[in-house]
Amino acid sequence: MGTRSTAVEKTKDRIVQAAKELHAAQGIQGTSYTEIADEAGVSMATVYRHFPTLAELIPACASSIIVLQPLTTESVAALFQGKAQSWQRLAWVIQGTCECYERDGGWLQAARREGDLIPPLTEIVQEQQKGLRTLVEAALAGLEVTPRQVQVLAALMDFPLWKSLREMGLTPSEATDQVLQLTRDYLEKEILIYQ
């Protein structure tokens, strides 16, 4: 039984990976289940068996992307163990999210572009933005930070800004450095100066 369940999971993983690649290349709505099946090397019936609708497939794709995974108080606390300073914690989060943006940017871009058209995508994007705010709040714990300041910092760390920097010709490293600089400047101007 263990071998069968392992094979099923591997098949589902192939389907999800194929879907993510195709969604990134041609959009979520522009990708058929037939194309996903061909890319994954399975039958269309197999794709439908595991993911009968986009409402099941989209969360499976999102769950494999780190910045889209739900956060708990415990998971956030564990992230910051050994990182004492607020800026150190925030910079670490920014670097990690930017690495994810580079790795999974195609799917994230498709999700943002089609988010208003496909309800599960809207929820995923909202959850990702909520996660960024949660990470900012946790990273800056101990500092007096207003909700508006948390929103601005989360916006500076969000995918659209990083994507725009990349589209303007910055390398992944340069885009990450720029996001770090913008957030540090904002942090120093708006928060640390008053603490």
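All residue numbers for the sequence shown refer to the numbering used here, where the first residue is 712 and numbers rise by one. For every residue, glycine included, the Cβ atom is placed at its ideal position computed from N, Cα and C.
For residue i, the three-state DSSP class (helix, strand or coil)
i    : result
L828 : coil
M879 : coil
T764 : coil
E885 : helix
Q740 : coil
P781 : coil
Q840 : helix
Y905 : Per-residue confidence for Y905 stands at a pLDDT of 48, beneath the threshold of 50, marking its modelled position as unreliable; the derived number appears in the next sentence. If DSSP states are grouped into helix, strand and coil, Y905 belongs with the helices.
G793 : coil
Close-in-space but distant-in-sequence residues of the same chain around residue i (CB under 7 Å, 5 per side omitted)
i    : result
D869 : Q840 and L843
I726 : I747, A751, V753, V758, H761 and F762
P733 : Inspection of the sequence shows that residue 733 is occupied by Leu rather than by Pro. Closer than 7 Å at Cβ, skipping near neighbours: T742, E746, I747 and E750.
Residues near residue i by beta carbon distance below 8 Å, same chain, minus five either side
i    : result
A866 : L872
V787 : T845, L846 and A849
L891 : A802, I805 and Q806
Residue i versus residue j - alpha carbon distance
i    : j    : result
S875 : T714 : 45 Å
A773 : G816 : 12 Å
L828 : E834 : 11 Å
R814 : V863 : 24 Å
L832 : I902 : 33 Å
L898 : L790 : 21 Å
G793 : G853 : 16 Å
K723 : I769 : 13 Å
Y905 : R800 : For Y905, the pLDDT reaches just 48, beneath the cut-off of 50, and the residue's location in the model is therefore unreliable, leaving the point undetermined.
Q780 : T808 : 12 Å
R823 : A735 : 11 Å
I777 : Y812 : 9 Å
P830 : E785 : 28 Å
Close Cβ partners of residue i (< 6 Å) along its chain, the five nearest in sequence each way excluded
i    : result
I739 : A821 and E825
L782 : G842 and T845
T745 : M755
Q728 : none
A886 : W873, L876 and R877
L893 : L867
Q889 : L876
C-beta neighbour in chain D for residue i, strict 7 Å
i    : result
E825 : In the displayed structure, chain D is absent; only one protein chain is listed.
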